[in-house]
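In the UniProt record's numbering, the protein residues as written are 1 to 149. Below: the structure, in structure tokens.
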């Protein structure tokens, strides 16, 4: 019997991939403005760490390693990462915007807030996918998928 396969769409062209790429671009831009303005080290370190983690998840999904390494529940780790990143980016951005020392620090704070919004959107997309596409032993299967011989 021939089964219908789902059409595989690369991660880069999916909505989740686009949001993650936008999140990476905004975080890198925020970090670049903080570096140019010679902002306090925590601003640069936290945004640099977030860039590394976002890049790790993009590589993980692009190479489909989340399917290969199935001992971890990657969507939950991704949701936790998105929420923690959103909290850190909001704190750093607000701290950067309060004193308004230089234009570049203010721009870094604004791009950091935009990155925080993208983090929240990324977490919401992954959570929505988990609700509509549960995995594990208790996965519901539609009746039309059953093979009747």
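In this text, a Cβ means the ideal position worked out from N, Cα and C, and glycines have one as well. Nothing here was measured: the structure is a model prediction, and the numbers come from that model.
Determine the burial state of residue 131: buried for a count of at least 16 other Cβ atoms within 10 Å of its Cβ, exposed for fewer. For the purposes of this step, residue 131 is taken as the residue at position 131 of the chain shown. Under a 10 Å Cβ-count criterion, residue 131 is classified as exposed, with fewer than 16 other Cβ atoms of the shown protein chains found around its own Cβ.
Among the candidates 45, 111, 121, 82, whose CA atom is the shortest distance from the CA of residue 97? Taking the first residue of the chain shown as 1, we reach residue 97 at position 97. Nearest Cα to residue 97 within the set 45, 111, 121, 82: 111.
At which residues does the alpha helix (DSSP H) containing residue 77 begin and terminate? Residue numbering aside, residue 77 sits at position 77 when the chain shown is read from its first letter. Where residue 77 is concerned, the enclosing alpha helix (DSSP H) starts and stops at 74–97.
For the segment 18–64, which segments carrying the alpha helix (DSSP H) assignment without a break, of at least 4 residues, lie completely within its bounds, in sequence order? Segments of the alpha helix (DSSP H) lying fully in the segment 18–64: 41–62.
Among 29, 15, 33, 87, nearest to residue 58 - alpha-carbon criterion: As a working note, residue 58 is residue 58 in the chain shown. The residue with the shortest Cα to Cα distance from residue 58 is 15.
Classify residue 102 as helix, strand or coil using the three-state DSSP reduction. Mapped onto the chain shown, residue 102 falls at position 102. It is coil, neither helix nor strand.
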